[in-house]
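Structure record follows, encoded as structure tokens.
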Amino acid sequence: MAKRITDDEIVFPIFRKFCKRRPPIDASRGKMNLKLQKQHNCIPDEHYVQTLLAMNDLETELERRTVTYTLWNQSMANTENEAWHPYTFGYADAGPQQLKE
1184 MAKRITDDEI VFPIFRKFCK RRPPIDASRG KMNLKLQKQH NCIPDEHYVQ
1234 TLLAMNDLET ELERRTVTYT LWNQSMANTE NEAWHPYTFG YADAGPQQLK
1284 E
């Protein structure tokens, strides 16, 4: 798999060309920041390897789970606008029942 990634001359150049990060928040832009922050934010470290493997028919090499408990269904937590990442647990969420899950 590592060799496939280092030998890639097709997918990575496309990511480099089209995968752009949105600009950082600039206090001098005021409300314009809201518009800029709504633009798509490419996250290459989370998408590149997965895309490369899928395009090479190696999706079975991906493990779609984590070593820790995650909660991606954020509709119950009223954070639907932040759905790029799993729910962030706090101290109050770390009871015996949650640890069993």
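Count along the sequence shown from 1, add 1183, and you get the number used in our numbering.
C-beta atoms are modelled at their ideal positions from N, C-alpha and C, and glycine is treated no differently.
Subject >> Nonlocal neighbours in the same chain, by C-beta distance under 8 Å from Q1281, ignoring five residues either side >> reply: Only Y1252 and F1272 meet the Cβ criterion.
**OP:** Out of N1216, A1275 and V1232, point me to the one whose CA is closest to D1190's CA.
**Re:** Per the Cα distances, V1232.
**OP:** Keeping to the same chain, check which residues put their C-beta closer than 7 Å to that of P1227; ignore five residues upstream and five downstream.
**Re:** Only F1198 and C1202 meet the Cβ criterion.
Original post:
What's the C-alpha gap between K1200 and L1241?
Top reply: So the alpha carbons of these two residues sit roughly 24 Å apart.
Original post:
Residues in its own chain within less than 7 Å of A1277 by CB, not counting five upstream and five downstream?
Top reply: Closer than 7 Å at Cβ, skipping near neighbours: no residue.
Subject >> Test item: CB-CB of P1269 and L1254 under 7 Å >> reply: With contacts defined as CB atoms closer than 7 Å, P1269 and L1254 qualify as a contacting pair.
Original post:
With respect to the alpha helix (DSSP H) encompassing K1214, which residues constitute its N-terminal and C-terminal limits?
Top reply: Following the DSSP letters along the chain, one finds K1214 in no alpha helix (DSSP H), marked with neither H nor E.
**OP:** Would you grab the beta carbon distance between G1187 and N1239 for me? Rounded to a whole angstrom, and I think it's under 8 Å.
**Re:** The question names Gly, but residue 1187 is Arg in the sequence shown. By a beta-carbon distance limit of 8 Å, R1187 contacts N1239. Their separation comes to about 6 Å.
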